[in-house]
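Undergrad: For the sequence shown, position 43 matches number 946 in the numbering used here, and the numbering has no gaps at all.
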Amino acid sequence: MAQASHSVTVPVSVNQVWDFVSKIEKWATLVPAYKEHEQIDENKSVWTFEGNMKGLKKTVQIELNIVESSEPNNIKFEFKGITENFSGSGQFQAEAQSDGTKMTGTVEATAGGIAAVALNPMIKMVLPKVTTRLTEKIARTLQSVGVN
């Protein structure tokens, strides 16, 4: 299983970070390759991603479930592919610092089935970039527009 983590300190309170990351609709559009999502209930949603890989356009759907929510410091989620055989989990953690809040995004993922041999090395290579990009985008959004 590939795992990646990225931390950044944002000049906002832990509660402001929580208000943002605890509501999927506020950060879903910041996930790389995001196309759309549908909120099924308070904890379950279906996400659609679209991207190009070596000239081929690919659409992937996942089911994401919030599995733990510890306000205001930690939210954990699990996901599994609907259209592809992969699964994983992740979390956002927030820790108060003297200059704001240290926010850490962590994601792990693994592919299964016949394609796993080819996909797992690619996931291992791409996951750190995706995790860093998402965490940094959330931090920039928190800094620039504040939390409403």
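Just so you know, even glycine gets a beta-carbon here, dropped at the ideal spot from N, CA and C.
For Val1029, which of helix, strand or coil comes out of DSSP?
TA: For the purposes of this step, residue 1029 is taken as the residue at position 126 of the sequence shown. In the structure shown, Val1029 sits in a helix (DSSP, three-state: H, G or I).
Undergrad: Pull the bridge partners of Lys983 from the DSSP assignment, please.
TA: Here residue 983 refers to the residue found at position 80 when the sequence shown is read from its first residue. Looking at the DSSP assignment, Lys983 forms a beta bridge with Glu966, Ser990.
Undergrad: Which residue or residues does DSSP assign as beta-bridge partners of Lys1040?
TA: The residue given as residue 1040 occupies position 137 in the sequence shown. Answer is none; Lys1040 lacks a bridge partner.
Undergrad: From the DSSP output, read off the bridge partner residues of Thr1034.
TA: Position 131 of the sequence shown, counted from the start, is the residue given in the question as residue 1034. According to DSSP, Thr1034 bridges with nothing at all.
Undergrad: CB Lys938 to CB Glu966, shorter than 8 Å?
TA: As a working note, residue 938 is residue 35 in the sequence shown. As a working note, residue 966 is residue 63 in the sequence shown. Not a contact, by the Cβ cut-off of 8 Å.
Undergrad: Between the C-alpha atoms of Pro914 and Ile969, what's the straight-line distance to the nearest angstrom?
TA: Taking the sequence shown and counting its residues from 1, one reaches residue 914 at position 11. Taking the sequence shown and counting its residues from 1, one reaches residue 969 at position 66. Their Cα atoms are separated by approximately 26 Å.
Undergrad: Would you kindly work out how many angstroms separate the C-alpha atoms of Ala1019 and Ala1012, rounded to a whole number?
TA: Counting from one through the sequence shown, the residue named residue 1019 turns up at place 116. Counting from one through the sequence shown, the residue named residue 1012 turns up at place 109. For Ala1019 and Ala1012, the distance between alpha carbons rounds to 11 Å.
Undergrad: So which of Val934, Lys1027, Ser1047, Gly1008 has the shortest CA-CA distance to Gly954?
TA: Counting from one through the sequence shown, the residue named residue 954 turns up at place 51. The residue with the shortest Cα to Cα distance from Gly954 is Val934.
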